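Working notes, beginning with the structure itself.
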Amino acid sequence: MTGPGADPGASADPASGSALVGVEWLRRHQDDVVLLDASVDRRTGPDGTTVFVDGLAGHLERRIPGAHFADLIAGFSDPSAPFPFTCPSPDRVAAYASELGIGRDSTVVVHDRLTGAWAARVWWVLRSAGITRVRVLNGGLTAWEAAGLPVARGRRAAPPPGDVVARPARPHFTDLARMRRVADGGDATPAVCALRRTEYAGDPARPRSGHIPRTTNLPYADLLGPHHTLDPVRTARLAREHGLRRGDGTVLYCGGAVNAAGLALALHEIGIDDVVLYDGSLSEWRAHPELPLVTGQEEAGRP
């Protein structure tokens with residue numbers, strides 16, 4: 001585990017228990033890992049709604065040398081699910097991981113071009129299938145370029161298929177039924193929304209905005225430092241302020257369990273490694289008009 005006081009941009013040894021590696025570590029080990037770009041692009045549709053598309057176009061223009069593109073939308077999500085980014089079955093996760101060249105003994109490093117939340121989502125999905133030798137490049141492509149390291153263009157040839165298999169262990173996700181119990185007070189498990197404060201607070205004038213009742217707010221964005229890096233000192237301070245601790249099995253959610261995965265990654269780095277994600281998150285909750293949403297802020301922490 002990366003301890004408080006560690007340099008968030010320093011090289012992290014995967015054997016240390018940290019889920020993060022720094023750009024210098026990756027530079028030295030590029031030939032020893034399966035390197036994945038998990039970027040997703042956000043666009044505005046003709047009706048003003050947000051549309052998510054794979055980040056392949058940006059990958060082809062600018063990527064870390066050695067990186068393959070990992071399609072979070074088509075490969076690491078369930079295409080039959082009614083909500084975006086729903087985690088597929090462990091066997092489907094392993095099948096797509098094998099297509100990307102991941103073997104039983106592979107060390108995988110995931111990154112993206114934005115804040116690291118997309119990379120964290122792939123990290124979490126792989127872990128949910130029992131594929132645990134997975135790390136995230138702290139700061140992603142942003143930190144790589146800030147360090148003056150080279151980039152490449154175009155798509156690499158497909159790798160030889162890997163032989164990784166699914167071995168799921170503990171549950172990594174929870175469902176709507178449990179979140180209903182959290183919201184009505186029947187389940188006292190702490191639940192935290194990882195969206196920005198304005199999104200969490202919502203707007204009373206906007207239908208179906210706000211957050212799930214009895215949940216607090218720790219924005220993933222608040223944990224990010226320069227070049228979108230995660231700093232365990234900052235995370236530990238904010239986790240204390242919000243009363244988060246190992247052993248509570250805290251539930252994390254957001255709009256589609258992507259920023260929540262980023263928060264899960266940050267908490268993992270300070271030893272809070274028993275959280276679960278509400279996979280449907282607000283995409284699912286808002287689709288049920290009978291379920292309540294609260295606007296405004298709720299006090300963090302616990303008595």
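Residues in the sequence shown are numbered consecutively from 1, following full-length UniProt numbering. Beta carbons are placed, not taken as given, at the ideal position from N, Cα and C, and that holds for glycine. Note that the structure is a prediction, hence the values are computed from the model and not measured.
First through last residue of the beta strand (DSSP E) which encompasses residue i
| i | result |
| --- | --- |
| LEU252 | 251-253 |
| ARG42 | 40-44 |
| residue 304 | The structure shown does not extend to residue 304, since the chain spans only 1 to 303, so no value can be given for it. |
| THR50 | 50-54 |
Backbone CA spacing between residue i and residue j [nearest angstrom]
| i | j | result |
| --- | --- | --- |
| LEU218 | ALA188 | 18 Å |
| THR235 | ALA266 | 7 Å |
| THR115 | ARG245 | 24 Å |
| ARG104 | GLY130 | 11 Å |
| LEU60 | GLY210 | 37 Å |
| ALA201 | GLY249 | 24 Å |
| VAL164 | VAL93 | 10 Å |
| ARG178 | LEU293 | 16 Å |
| ALA74 | SER39 | 12 Å |
| GLY154 | GLY22 | 24 Å |
| PHE83 | THR107 | 30 Å |
| ALA97 | THR229 | 25 Å |
| ASP273 | TYR253 | 15 Å |
| residue 305 | ILE102 | Because the chain is modelled from 1 through 303, residue 305 falls outside the range shown and cannot be assessed. |
| SER16 | GLU269 | 11 Å |
| PRO150 | ASP32 | 18 Å |
| VAL233 | GLY271 | 12 Å |
| LEU56 | ARG237 | 36 Å |
| ARG181 | HIS29 | 46 Å |
| ALA221 | ARG167 | 32 Å |
Helix, strand or coil at residue i [DSSP, three-state]
| i | result |
| --- | --- |
| ARG208 | coil |
| HIS111 | strand |
| VAL23 | helix |
| PRO4 | Note on PRO4: pLDDT 38, under 50, position unreliable in the model; the coordinate value appears next. Of the three classes helix, strand and coil, the one that applies to PRO4 here is coil, per DSSP. |
| HIS68 | strand |
| LEU35 | strand |
| ALA191 | strand |
| ARG167 | coil |
| ARG63 | strand |
| LEU277 | strand |
| THR174 | strand |
| THR142 | helix |
| ALA261 | helix |
| ALA152 | strand |
| GLY101 | coil |
| GLY58 | helix |
| HIS288 | coil |
| ASP47 | coil |
| ALA183 | helix |
| ASP91 | helix |
| ALA266 | helix |
| SER283 | helix |
| PRO16 | The sequence shown places Ser at residue 16, not Pro. Helix at SER16. |
Nearest candidate by alpha-carbon position, reference residue i, set the options
| i | options | result |
| --- | --- | --- |
| ALA260 | TRP124, PRO207 and ARG156 | TRP124 |
| ILE64 | LEU263, THR216, VAL110 and GLY225 | VAL110 |
| ARG170 | VAL53, VAL275 and PRO88 | VAL275 |
| PRO204 | GLN297, PRO226 and LEU72 | GLN297 |
| GLU241 | ARG27, VAL294, SER80 and LEU223 | LEU223 |
| ASP78 | ARG208, HIS29 and PRO90 | PRO90 |
| LEU126 | HIS288, ALA19 and PRO150 | ALA19 |
| VAL192 | VAL251, TRP285, ASP175 and GLY186 | VAL251 |
| ALA147 | TRP25, PRO289 and ASP273 | TRP25 |
| ALA194 | GLY243, ALA157, ARG178 and ALA257 | ALA257 |
| LEU291 | ALA120, ARG214 and PRO232 | ARG214 |
| GLY66 | PRO190, LEU100, HIS172 and GLY185 | LEU100 |
| LEU35 | ARG180, GLY262 and ARG156 | ARG156 |
| PHE173 | SER281, ALA183, ARG180 and GLY140 | SER281 |
| GLU284 | GLY271, HIS227 and ARG208 | ARG208 |
| GLY227 | GLY139, ARG237, GLY262 and ALA221 | Correcting the residue type first, residue 227 is His in the shown sequence and not Gly. Selected option, being the one with the closest Cα: GLY139. |
| GLY185 | VAL134, GLU199 and ILE212 | ILE212 |
Bounding residues of the alpha helix (DSSP H) (the contiguous stretch that carries residue i)
| i | result |
| --- | --- |
| VAL294 | Where VAL294 is concerned, there is no enclosing alpha helix (DSSP H), given that its DSSP letter is neither H nor E. |
| ARG127 | 117-128 |
| GLU199 | 197-201 |
Cutoff 7 Å: residue i Cβ touching any chain B Cβ
| i | result |
| --- | --- |
| ARG208 | No chain B appears in this structure, which consists of one protein chain only. |
Closer than 6 Å: residue i CB and nearest the ligand NAP heavy atom
| i | result |
| --- | --- |
| ARG237 | With respect to the ligand NAP, the structure shown offers nothing to examine, as it has no ligands at all. |
Length-filtered (3 minimum) beta strand (DSSP E) runs lying within the segment 213-257: Here the runs fully enclosed are 251-253.
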